[in-house]
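A.B. asks: Those letters in the sequence shown? Residues 0 to 149, by numbering that gives the first Met the number 0. Glycine included, C-beta positions come from ideal geometry on N, C-alpha and C.
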Amino acid sequence: MTKILMVCLGNICRSPLAEGILRSKLPYEDFVVDSAGTSNYHIGSNPDNRSITVGNKYGINISNLMGRQFSVRDFDEFDIIYAMDAANYRDILHLARNEADKSKVKMILNEVYPNQNYDVPDPYHGGTHGFENVYKMLDEACDVIADKLK
């Protein structure tokens with residue numbers, strides 16, 4: 000079983016959307032997809048209502064997800080760790096204990112734009128349009144990821 004972790008800052012906007020999108024594209028019996036945040040701002044919180052709304056628009060229900068903070072044990076638990084942006088990537092690598100841990104961490108949009116290190120912008124302080132754009136970016140990346148993993 001392959002285990003994949005999606006990571007953003009607060010685990011209420013981008014990473015729960017990425018989790019829901021990728022889960023919808025992979026057979027549940029062969030894959031585990033989860034999400035976390037590098038900060039402790041929203042531990043135990045449900046995703047932002049705007050993430051829930053855009054997910055629902057595309058048939059992805061993330062309303063039952065709960066925010067949690069990324070921890071060192073996630074390196075042991077997961078095979079692939081996708082960071083949503085460069086700051087999250089650095090924060091995750093800062094916790095890595097060795098090269099094996101570091102080798103698991105990837106920028107999610109590098110799946111679509113190899114070696115470009117583009118960020119998925121944080122839509123939190125914007126309106127609903129930003130959540131729609133983030134959904135489309137993540138959906139495209141998750142299509143590539145799912146195709147590679149199947």
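Could you say if the stretch 108-115 and the stretch 132-147 meet the contact criterion of at least three C-beta pairs nearer than 8 angstroms?
C.D. replies: Touching, yes, given that three or more Cβ pairs across the two stretches are closer than 8 angstroms.
A.B. asks: If we ignore side chains and look at the alpha-carbon of each, how far apart do Asp121 and Ala99 end up?
C.D. replies: Asp121 and Ala99: Cα-Cα distance of roughly 28 angstroms.
A.B. asks: Quick one: is Asp73 buried, meaning 16 or more other Cβ sit within 10 Å of its Cβ, or exposed?
C.D. replies: Per the 10 Å Cβ criterion, buried.
A.B. asks: Helix or strand or just coil, what does DSSP make of Ala145?
C.D. replies: Ala145 falls in the helix class under three-state DSSP.
A.B. asks: Based on DSSP bridge pairs, tell me the residues matched to Leu4.
C.D. replies: Partner(s): Asp33, Ile80.
A.B. asks: Identify every residue that forms a DSSP beta bridge with Gln68.
C.D. replies: Per DSSP, Gly36.
A.B. asks: Sorted by chain position, which residues of the same chain lie with C-beta nearer than 8 angstroms to Gly186's C-beta, five sequence neighbours on each side aside?
C.D. replies: The structure shown has nothing for residue 186, since the chain only spans 0 to 149.
A.B. asks: Could you please give the first and the last residue of the uninterrupted beta strand (DSSP E) stretch that includes Val104?
C.D. replies: Counting along the chain, the beta strand (DSSP E) containing Val104 begins and ends at 104-106.
A.B. asks: Once the 5 residues before and after Asn10 are set aside, which same chain residues still bring their CB inside 7 angstroms of it?
C.D. replies: Answer for Asn10: Ser34, Ala35, Gly36, His41, Gly66, Arg67, listed in chain order.
A.B. asks: Alpha carbon to alpha carbon, what distance is there between Glu28 and Met6?
C.D. replies: Residue identity differs from the one stated: residue 6 is Val in this sequence, not Met. Cα to Cα, the separation comes out at about 22 angstroms.
A.B. asks: CB Ser50 to CB Leu8, shorter than 9 angstroms?
C.D. replies: Contact flag unset, no.
A.B. asks: Whose C-beta lies closer than 7 angstroms to the C-beta of Ser14 among residues of the same chain, with five residues either side of it excluded?
C.D. replies: These residues qualify, in order along the chain: Met5, Val6, Cys7, Ser34, Ala35, Gly36, Met83.
A.B. asks: Within 10 angstroms of the Cβ of Asn116, are there 16 or more other Cβ atoms? Answer buried if so, exposed if not.
C.D. replies: That one is exposed.
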